[in-house]
Amino acid sequence: MNSQNNLEYSKYSEHAETSETIRILKEFRSQDIPYNRVLSSMCTTPHPLALKAHEMFIETNLGDPGIFQGTKKLEEKLIGMIGELLHGSEVAGYICSGGTEANIQGIRAGRNKMRDKIKDSRNPNIVIPKSAHFSFEKIGDILGVEVRRAKLDEEYKVDVSEVEKLMDENTVCLVGIAGTTELGQIDPIVELSKLAEENCVELHVDAAFGGLVIPFMNNPYPFDFQNDGVSSITIDPHKMGMATIPSGGILFRNESYLRALEVETPYLTSRTQFTLTGTRPGTGVASAFAVLHGLGFDGMKKIVMECLKNTRLLTEEMISLGFEPVIDPIMNVVSFKTEKAEKIRNELMKRRWIISSIKEPRAIRFVIMPHVTEEVIKEFLSEFRKIINW
Ligand code: PLP
């Protein structure tokens, strides 16, 4: 390796297309499975507006907002826009690495705010639905909170009476999910909000996926800050917001939650920091803003409606092949019961088609993202028909 050559950036770009480095990069990248054969991911091909914005903000670091003042203001504007979508009047928050970080920060803020209010501050607990994303496993471990899992009802929504049974004088936070990872189900957030208010505990809503689907549906379920008990919401632009990865979102009802997360930052341009990571990209902010602002409410609704239409198309075809959906799809996630779930998934994988399988109940799972077009579904089904006749 010649270090002098590596520093000559101009020469680099001249030979970019033919250089050995690019050849290696292309070779590895070509081993990835293209999104048009992936029917299980909650991420998608970024929108062209997101790509343009990403390129413009590629060197930004929001970990040092005194330097990137414009990017910081753009983040505030974006949080305001998402806050409005989520019916909050005083929301505060930031764009992070994804749903996992957003969930960690939502629970961490709630725990910190409740610390002096519970009986034993060393033994806080949270009550989450059994259907919660596995990021809550990490949360229990990292934050030292006991994670209690409440049973679901027959529609795979959390059973609020089970949540109530699991609460005690050391409960700091309840969790509801608006768009479960496996089935796209929405928990009864309205009832959870009342329960949280009655018991003076926090309520975190994990709308990592559903947050940018539900608001654009006809008759959207009220999962957001319009419920007085909701304290924080996870909502990820790098899922249905078609932003570039990483772009997760954590929004709080008001600024006081950010104060509960703050640490001092002796050497930076800002005095304190409430984020989990230090250095963090502005690309997620720029790409998320570009899509939401560029498409507007109507443009987003059009894309969501198309995904819902394609979900119905896949569901009807699967029913005609003898498969039964676990629940009637609420959003663009749908799972079908089958004891052969893993076998089907593996067989499709051999043919470079990606779906996922779930265990309770045994089912194959699909996420109909914008890249899963009618054409992709038809192509998939013709391959699928070949493998189910064992
Ligand atoms: N919450 C829900 C409901 C999810 O579906 C996911 C991921 O699919 C996450 C959280 C975690 O998000 P990320 O993978 O961006 O950390």
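With the working numbering as the guide, the letters of the sequence shown map in order to residues 5 to 394.
Cβ atoms here follow ideal geometry from the backbone N, Cα and C, with glycine treated the same way.
These figures come from a predicted structure and were not determined experimentally.
Check: Output the distance between the C-alpha atoms of Ser45 and Val330, rounded to the nearest integer angstrom.; Outcome: 19 Å
Check: If contacts are defined as beta-carbon pairs under 8 Å, then Gly103 and Ser125 qualify, I think. What distance do you get, rounded to the angstrom?; Outcome: No, Gly103 and Ser125 are not in contact; Cβ-Cβ is about 28 Å, not under 8 Å.
Check: How far does the beta strand (DSSP E) with Ile143 in it extend, from its first residue to its last?; Outcome: From DSSP, Ile143 is part of no beta strand (DSSP E) but of the alpha helix (DSSP H) over 139-147.
Check: Using beta-carbon positions only, say whether Thr281 and Glu105 come within less than 9 Å of one another.; Outcome: yes
Check: Which first and last residues belong to the beta strand (DSSP E) in which Arg369 is found?; Outcome: 367-371
Check: Within a Cβ cutoff of 7 Å, which residues of the same chain sit near Val42, ignoring the five residues on either side of it in sequence?; Outcome: Ile358
Check: What does a CB cutoff of less than 7 Å around Arg355 pick up in its chain, not counting 5 residues either side in sequence?; Outcome: Glu387
Check: Sort Lys117, Lys134, Ile381, Phe384 by Cα distance to Pro128 and report the nearest one.; Outcome: Lys117
Check: Going by beta carbon distance, what residues of the same chain come within less than 6 Å of Gly144, once the five residues before and after it are set aside?; Outcome: Val151
Check: Here's a check: name, in chain order, each residue in its chain whose Cβ is nearer than 6 Å to the Cβ of Ala57, leaving out the five neighbours to either side.; Outcome: Ala290, Ser291, Ala294
Check: Does any heavy atom of the ligand PLP sit closer than 8 Å to the C-beta of His242?; Outcome: yes
Check: CB-CB under 7 Å to Leu170, same chain, minus the five flanking residues each way: which ones, in chain order?; Outcome: Val131, Arg152, Ala154
Check: Using a Cβ-based criterion (distance less than 8 Å to any ligand heavy atom), does Ile137 qualify as near the ligand PLP?; Outcome: As written in the sequence, residue 137 is His, which differs from the Ile given in the question. True, at least one ligand heavy atom lies under 8 Å from that Cβ.
Check: Does Tyr225 come out as helix, strand or coil in the three-state DSSP assignment?; Outcome: coil
Check: Suppose the cutoff is 8 Å on Cβ atoms and the five residues either side in sequence are ignored; what does the same chain contact list for Tyr225 look like?; Outcome: Ala182, Ile190, Ile193, Ile218
Check: Using the C-alpha atoms, what's the distance from Ser339 back to Thr49?; Outcome: 22 Å
Check: Do you know offhand how far Gln8's Cα is from Asn350's?; Outcome: Note that Gln8 has pLDDT 46, beneath the 50 cutoff, so the model's placement of it is unreliable and no number is given.
Check: Is the closest heavy atom of the ligand PLP to the C-beta of Ala247 under 8 Å?; Outcome: no
Check: When the Cβ atoms of the region 253-269 are set against those of the region 231-243, are three or more pairs found closer than 8 Å?; Outcome: yes
Check: Looking at the secondary structure, which residues open and close the alpha helix (DSSP H) in which Arg153 lies?; Outcome: Here Arg153 belongs to no alpha helix (DSSP H); instead the beta strand (DSSP E) covers 150-154.
Check: Going by other Cβ atoms of all chains shown within 10 Å of its Cβ, with 16 needed for buried, is Asp232 buried or exposed?; Outcome: exposed
Check: Using the three-state DSSP reduction, which class does Asn65 fall into: helix, strand or coil?; Outcome: strand
Check: Please classify Arg4 as buried or exposed, where buried requires at least 16 other C-beta atoms within 10 Å of its C-beta.; Outcome: Here the chain has residues from 5 to 394 only, and residue 4 is not among them.
Check: Closer than 8 Å to a non-hydrogen atom of the ligand PLP - does that hold for the CB of Gly144?; Outcome: no
Check: Taking the straight line between their C-alpha atoms, what separation do you get for Glu206 and Leu178?; Outcome: 6 Å
Check: Give a yes or no on whether the C-beta atoms belonging to Glu378 and Leu317 are separated by under 9 Å.; Outcome: yes
Check: With burial defined as no fewer than 16 other Cβ atoms inside 10 Å of the residue's Cβ, what is the status of Phe32: buried or exposed?; Outcome: exposed
Check: Answer yes or no: do Gly74 and Ile86 have a C-beta to C-beta separation smaller than 9 Å?; Outcome: no
Check: Any heavy atom of the ligand PLP closer than 8 Å to the Cβ of Ile307?; Outcome: no
Check: Which residue's Cα is closest to the Cα of Ile362: Pro374, Met373, Lys347?; Outcome: Lys347
Check: By Cβ distance, which residues of its chain are closer than 8 Å to Glu259, with the 5 residues on each side in sequence left out?; Outcome: Glu94, Ala96
Check: Considering Cα atoms alone, identify which of Cys204, Lys313, Thr283 is closest to Asp120.; Outcome: Cys204
Check: Using a threshold of 9 Å, state whether the C-beta atoms of Gly286 and Leu66 are closer than that.; Outcome: yes
Check: Taking all protein chains shown into account, do 16 or more other C-beta atoms lie within 10 angstroms of the C-beta of Ile26, making it buried, or fewer, making it exposed?; Outcome: exposed
Check: Which residues in the same chain have their Cβ closer than 6 Å to the Cβ of Leu89, if we skip the five residues on either side of it in sequence?; Outcome: Pro219
Check: Are Gly92 and Phe229 close, meaning C-beta to C-beta below 9 Å?; Outcome: yes
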